[in-house]
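In this note's numbering, the protein residues as written are 14 to 363.
Below, the structure written as structure tokens:
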């Protein structure tokens with residue numbers, strides 16, 4: 014990158030002085046980027062004369078992907094903005110005289126991040142740095158799942174499984190199958206599922222958030238037809254919560270097995286109860302009051318999902334395949350957490 018100061022840089026500095034309170038500059042100050050760089054440095058640097066090398070700092074390329082999520086841009090559109098947008102240039106550390114990455118360079122960097130599963134490490138690092146700022150994400154967890162449509166539009170005859178409704182009386186989870194004529198898929202990792210009469214072809218983001226701020230702790234991505242309860246133990250393992258912390262979940266996670274898993278890990282169960290056919294009126298009222306109490310905390314995951322769908326495109330994946338969809342969901346979680354943390358610091362809620 015260019016190290017001198019040109020007339021263009023001076024003009025850019027003058028323009029950006031009026032935007033010094035922009036959230037991008039606050040994100041820049043929020044993190045220890047040297048620690049971020051150490052994680053990204055696990056990507057080996059190729060020699061400059063090797064085709065397909067990455068001549069840009071890895072932290073710069075990571076910032077490019079954050080911009081893509083915050084501004085809902087494709088690789089192509091983001092590459093275009095980097096050529097003329099002073100704000101984008103400044104955030105990524107580009108001078109007016111620097112060449113900025115084209116869309117193919119940006120796309121190759123995504124593949125390198127996926128190959129080394131670095132976004133999971135980056136999410137953990139960012140959350141660790143939040144703890145240093147006083148944002149404690151280990152006070153418990155709220156677990157839920159959200160459906161993410163595939164970018165593909167398949168057509169062929171398949172058997173679609175209907176996801177059990179959380180209000181069903183039985184704790185035993187069983188799928189009901191329905192045959193539907195659809196087109197052949199270009200995304201074979203995605204699967205069909207029907208939930209409350211809505212047919213979705215794609216994936217499921219199994220997500221835990223902290224119960225105080227609603228920041229994303231962990232994500233496991235599965236095909237849409239994999240039931241939430243099968244992912245619950247792995248999600249708990251990844252969260253690594255301190256002992257005696259509560260784990261909140263809706264009725265879809267209500268099972269004896271899940272409560273036993275929480276007991277084994279010495280965590281408090283805050284899973285909502287389902288009614289059973291032989292429950293007395295008194296038991297049903299007790300369960301209703303308990304569920305209402307749990308819902309006062311559990312709502313925070315719905316708020317997080319609402320923002321992720323509205324502002325970060327969680328309703329539909331940008332990419333084909335399970336790995337790239339997982340990357341997309343992790344990147345959205347990182348972008349959401351960073352922007353939310355800035356607001357928390359500003360509001361002095363920590």
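Cβ coordinates follow ideal geometry from the N, Cα and C atoms, glycine included.
None of these values were measured; they are calculated from a predicted model.
- Residue 340 is not a Cβ neighbour of residue 135, given a cutoff of 7 Å.
- Look at residue 241 here: in three-state DSSP terms it is helix.
- For a cut-off of 8 Å, the C-beta gap from residue 146 to residue 104 is around 20 Å, too long to register as a contact.
- Secondary structure of residue 207 (DSSP, three-state): strand.
- Around the Cβ of residue 152, a 10 Å sphere holds fewer than 16 other Cβ atoms; the residue is exposed.
- The bridge partners DSSP lists for residue 246 come to none.
- Its chain contains 236, 237, 238 as the residues whose beta carbon lies nearer than 6 Å to that of residue 204, once the 5 sequence neighbours on both sides are disregarded; these appear in chain order.
- Counting only residues of its own chain and dropping the five nearest sequence neighbours on each side, residue 106 has a CB closer than 6 Å to the CB of 73.
- Under DSSP, the beta-bridge partners assigned to residue 261 are 155, 283.
- A straight-line Cα-Cα distance of about 36 Å links residue 318 and residue 28.
- Here the region 108-125 lies against the region 81-94, with 3 or more beta-carbon pairs under 8 Å apart.
- Contact check for residue 345 against residue 332 fails: the beta carbons are separated by 7 Å or more.
- Residue 49 and residue 258 have their alpha carbons spaced roughly 29 Å apart.
- Boundaries of the alpha helix (DSSP H) around residue 343: 335-360.
- If the five residues before and after residue 140 are omitted, its C-beta is found closer than 6 Å to the C-beta atoms of 150, all from its own chain and listed in chain order.
- With a minimum length of 4 residues, the unbroken runs of alpha helix (DSSP H) contained wholly in the region 96-134 fall at 99-105, 116-128.
- DSSP places residue 50 in the helix class (H, G or I) of the three-state scheme.
- Excluding sequence positions up to five before and after residue 338, its CB lies within less than 7 Å of the CB of 161, 216, 234, 330, 332, all in the same chain and listed in chain order.
- DSSP places residue 299 within a helical segment (H, G or I) once states are collapsed to three.
- As the crow flies, the alpha-carbon of residue 268 is around 11 Å from that of residue 275.
- Taking a C-beta distance under 7 Å as the contact criterion, residue 311 and residue 156 do not qualify as a contact pair.
- Here residue 97 is exposed, its C-beta having fewer than 16 other C-beta atoms within 10 Å.
- DSSP places residue 233 inside the beta strand (DSSP E), whose first and last residues are 229-236.
- The beta carbon of residue 31 is closer than 7 Å to none in its chain, skipping five residues each way along the sequence.
- By the neighbour-count definition (other C-beta atoms within 10 Å, threshold 16), residue 293 is an exposed residue.
- Counting along the chain, residue 269 sits inside the alpha helix (DSSP H) bounded by residues 269-277.
- Relative to residue 55, the option among 229, 142, 323, 128 whose CA is nearest is 128.
- Scanning its chain for C-beta atoms nearer than 8 Å, with the 5 sequence neighbours on each side dropped, one finds around residue 328 the residues 161, 162, 322, in chain order.
- In summary, residue 272 is exposed, with fewer than 16 beta-carbon neighbours lying within 10 Å of its beta-carbon over all protein chains present.
- Pairing residue 247 with residue 158 gives a Cβ-Cβ distance that is not under 7 Å.
- For a cut-off of 8 Å, the C-beta gap from residue 307 to residue 280 is around 15 Å, too long to register as a contact.
- Taking the CA atoms as reference points, residue 283 sits about 6 Å from residue 262.
- DSSP links residue 222 through a beta bridge to 155, 229.
- When DSSP reads this structure, residue 90 sits in no beta bridge, so it has no partner.
- When the alpha-carbon of residue 356 is set against those of 26, 33, 43, the nearest one is in 43.
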